[in-house]
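Chains as they are written, first to last, in my numbering: chain A, 31 to 284; chain B, 9 to 243. Everything on this sheet refers to the single structure shown next.
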Amino acid sequence: MRRFLQLLKKDLQASLLPVGFLSGITIILFGIVRLKMASSAWPMEASLAVIAIPLVFLPLWLLWQSFQTLRSEWREDTVYTLLVLPVPGWYVMTAKLLTIWIEYTVLLAVIIIGTLTFFTPLVRFGMQVVPGISWVLRNGILLYLGSLCALASVVIFVQLAFVVSKMVGRLQGLVALWTLILSGWLVDRLGVLLEPAFRWLPSLPLHKLFRLEELEQGVVAEWNLAPEIGSWIGVLAVLVLTSYLFEHYVEVNG
Amino acid sequence: MSKASNALVVSGLRKKYPKVEALKGVDLSLPQGEIWGLLGPNGSGKSTLLKCVVGLVNPDGGEISVLGQAPSRLTKAQIAFVPEVENLYRWMTIRQAIDFTATFYDDWQEDRVEELLGFMRLDPTKKVSSLSKGMRARLKLILALARKAPLILLDEPFSGIDPASRDRIVEGIVRQFKSEEQTMIISTHAVGDTEQLFDGVVFLDEGTINLKGNAEDLRTQYGRSINDLFKEVFA
Chain A
31 MRRFLQLLKK DLQASLLPVG FLSGITIILF GIVRLKMASS AWPMEASLAV
81 IAIPLVFLPL WLLWQSFQTL RSEWREDTVY TLLVLPVPGW YVMTAKLLTI
131 WIEYTVLLAV IIIGTLTFFT PLVRFGMQVV PGISWVLRNG ILLYLGSLCA
181 LASVVIFVQL AFVVSKMVGR LQGLVALWTL ILSGWLVDRL GVLLEPAFRW
231 LPSLPLHKLF RLEELEQGVV AEWNLAPEIG SWIGVLAVLV LTSYLFEHYV
281 EVNG
Chain B
9 MSKASNALVV SGLRKKYPKV EALKGVDLSL PQGEIWGLLG PNGSGKSTLL
59 KCVVGLVNPD GGEISVLGQA PSRLTKAQIA FVPEVENLYR WMTIRQAIDF
109 TATFYDDWQE DRVEELLGFM RLDPTKKVSS LSKGMRARLK LILALARKAP
159 LILLDEPFSG IDPASRDRIV EGIVRQFKSE EQTMIISTHA VGDTEQLFDG
209 VVFLDEGTIN LKGNAEDLRT QYGRSINDLF KEVFA
C-alpha cells in the first residue's frame, strides 16, 4: 500500500502545475465575465455561454490528460523508472486513474465554488426553479458519482490503447486508435452477451433516485441495469488486461 | 552466497528491432561477486542486453536467469539498474527522488544515502531539472548504490559527462561495491580510465560476443591493456 501511495503521490505532484494553471484560468475567466455582467457589456446569453466553457472543456481535458499522463512517462524516459519498479502493473494504472479522478474533483470544485462566488444572483435565480438545496445537493452528488464511473471507463480504454501501441514498433498511433475502437466495441458486445445472466436484476428507478417527481409530477425514468453489468465487467477486465500488459509486455523505445 | 554460482546466465538471447537485429543468440554467464565490463561500440547490443535482463525489453528468443530465477517482479527487486537515458522526474528535488526510490526497495540503506550525497557533492534540496548532466549521472548512481542489490547494472554511466564527475563515479563504485554480496555489470564504449574497475570483460559487437574472459588473464594472454585490446578488436 505504501508503494501504491508513493506512485499516487508522484502522479498528483506531477499534476499540480496543470491543475493549478487551469484553476487559475477558470477563476480569471469567471472574474472577467462577472465584470462584464456588472457593466452590462455582454448580453446575458453570451455571459452564460462563457461561464459554461470550463464545464464543457473539462471532459475534453480529462480525456487528453488520461493519454498525456502515460505519454509523458515515455517522452521524458521516466518509463525506465516505472518499468523496473518491483510493483504490479495495476499499481501504476490505478494510481493514474485515481489521479485523473482527483484532478476532475478539484477542477469541478473550482468551477462550482467560482460559480457560487462570482455569480450569486444567477445561482439564487436558479435555486427558485428547483425544489430546494437538499434536492440539488443529493442529485449533484449522484451525478458526480455517476460521472466518476463514466470517466473511469474512458480512462481505462485510453490506457489500454496507449499500452498496446507501445507493444508495437511501428504505426503506434493507428494501433492506439484501433485498440480504442475495438475494445469499446468488445465491451459493448460483452454487455449484450451477458445481459440474459443479469436479467433478474430490477430496473433502477431514476425518477425516485433523483426525486424527479418533486420537479415534475408523473415523470418516470428507469435504467435497465442488465446490459450495464456485463459492460462494467468488461471494463474491469480491460483494466486487468492493461495492467498485465504493462507489467509483462510493454517495452521502452528501442 | 557462493562465488562459484552465477549472478546472470543468458543463453541464446535474441532481440530484433524493426530495422536491426540487436542480439543474435548471445550466450553468457557471469559469476557472482565481480565487476564485469560489457564493452562494445555504439549499437553493439550492450544496452539491449541489459534492458532484456531488467525487463525493459522482451527478447524474441533465448533464456535469462537472474540469480537463478527467470526475470519477474521478484528479480526486479534484486536488480539496481542505471539506464543511459535521463530517467529521473525532473520536477522532483534530489531528496524527493531519493525518497521515491527508497519506498520501493527493501534493500534500501538510508545510512549509505547521506554518505553518498556527501561524497558525490550533491545538495538534496536542489531540483533535478537544475542539475548538470554530470550531477544527474551521480544522482542516478546514488539511487543504485544506496541499495544492497545483489545485481547492479550500469548502462553507459560515463557517457557524455565531464572528467571530474567520471572520476567521482568510478571512485564511488570502488568504495561502495561489496564483492561478497554484489555483482556489477557496467556497459561502456569508453574503456579508458574505467579499465581498473573490471574483474572480467565481455566484448560485444553487432549482437554477438567477440571475446570474454577474466581481465587479468586477457592482459597476460594478449600482452596489452583491455583498452588497447578494445581498440584493436573494434578498429
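The beta carbon of each residue, even a glycine, is placed where N, CA and C say it ideally should be.
The alpha carbon of B/S55 has as its nearest neighbour, out of B/G221, B/F242 and B/S195, the alpha carbon of B/S195. Assignment of A/G50 by DSSP, reduced to helix, strand and coil, places it in the helix class. Secondary structure within the segment 82-117 of chain A: not one fully enclosed beta strand (DSSP E) run of 3 or more consecutive residues is present. Counting the other Cβ atoms within 10 Å of the Cβ of A/T209 gives 16 or more, which makes it buried. Residue environment for A/V198: exposed (fewer than 16 other C-beta atoms within 10 angstroms of its C-beta). For B/F211, no chain A residue has a C-beta closer than 8 angstroms to its own C-beta; the minimum C-beta separation is roughly 22 angstroms. Along the segment 16-49 of chain B, going in chain order, the ones with a CB nearer than 8 angstroms to a CB of chain A are Y25, P26 and A30. In this structure, A/V194 lies near A/V205, with their beta-carbon atoms less than 8 angstroms apart.
In this structure B/N50 is exposed. Its beta-carbon is surrounded by fewer than 16 other beta-carbon atoms within 10 angstroms.
B/P39: member of the beta strand (DSSP E) spanning E29 to P39, first to last residue. Under the three-state reduction of DSSP, B/D213 is assigned to strand.
Between B/D213 and B/F166, the C-beta spacing is not below 8 angstroms.
Across the segment 215-244 of chain A, no CB contact with chain B closer than 7 angstroms is found for any residue. Interface with chain B (8 angstroms Cβ-Cβ cutoff): A/D107 is included. Between A/L138 and chain B, the shortest Cβ-Cβ separation is not below 8 angstroms.
In the three-state reduction of the DSSP assignment, A/W120 falls in the helix class, which pools H, G and I. Proximity of B/K135 to chain A, defined by a Cβ-Cβ separation below 8 angstroms, is not satisfied. By the C-beta density criterion, A/M74 is exposed, having fewer than 16 other C-beta atoms within 10 angstroms.
Nearest Cα to A/P84 within the set A/S70, A/F51 and A/S102: A/F51. Beyond the five residues adjoining it in sequence on each side, A/L242 comes within less than 6 angstroms, by CB distance, of V249 in the same chain, given in chain order. For B/A88, the beta-bridge partners assigned by DSSP are B/I160. Unbroken alpha helix (DSSP H) runs of no fewer than 4 residues, entirely contained in the segment 177-230 of chain B, are found at 223-230, following chain order. Per the C-alpha coordinates, the member of B/Q184, B/G221, B/S233 and B/R144 positioned closest to B/L36 is B/G221. With respect to chain A, the C-beta atom of B/E164 has no partner C-beta closer than 8 angstroms. B/L139 and B/L147 do touch by the CB rule: their CB atoms are close to 7 angstroms apart, below 8 angstroms. When the Cα atoms are used, B/G41 and B/K186 turn out to be separated by approximately 8 angstroms. Its chain contains L38 as the residues whose beta carbon lies nearer than 7 angstroms to that of A/L128, once the 5 sequence neighbours on both sides are disregarded; these appear in chain order. Look at A/E281: its C-beta is under 8 angstroms from a C-beta on chain B. DSSP places A/G144 in the helix class (H, G or I) of the three-state scheme.
Separation of B/G20 and B/V65 (C-alpha to C-alpha, rounded to the nearest whole angstrom) is 16 angstroms. The DSSP assignment places complete alpha helix (DSSP H) segments of no fewer than 4 residues inside the segment 207-254 of chain A at 236-239, in order along the chain. When the five nearest sequence neighbours on each side are left out, the beta carbons in the same chain lying within less than 8 angstroms of the beta carbon of B/K84 are those of V62 and G63, in order along the chain.
Among the residues facing chain B, A/V117 is included, as its CB has a counterpart in that chain under 8 angstroms away. Secondary structure of B/G45 (DSSP, three-state): strand. Looking at the DSSP output, B/Q77 bridges to B/V74.
Look at A/L204: its C-beta is not under 8 angstroms from any C-beta on chain B.
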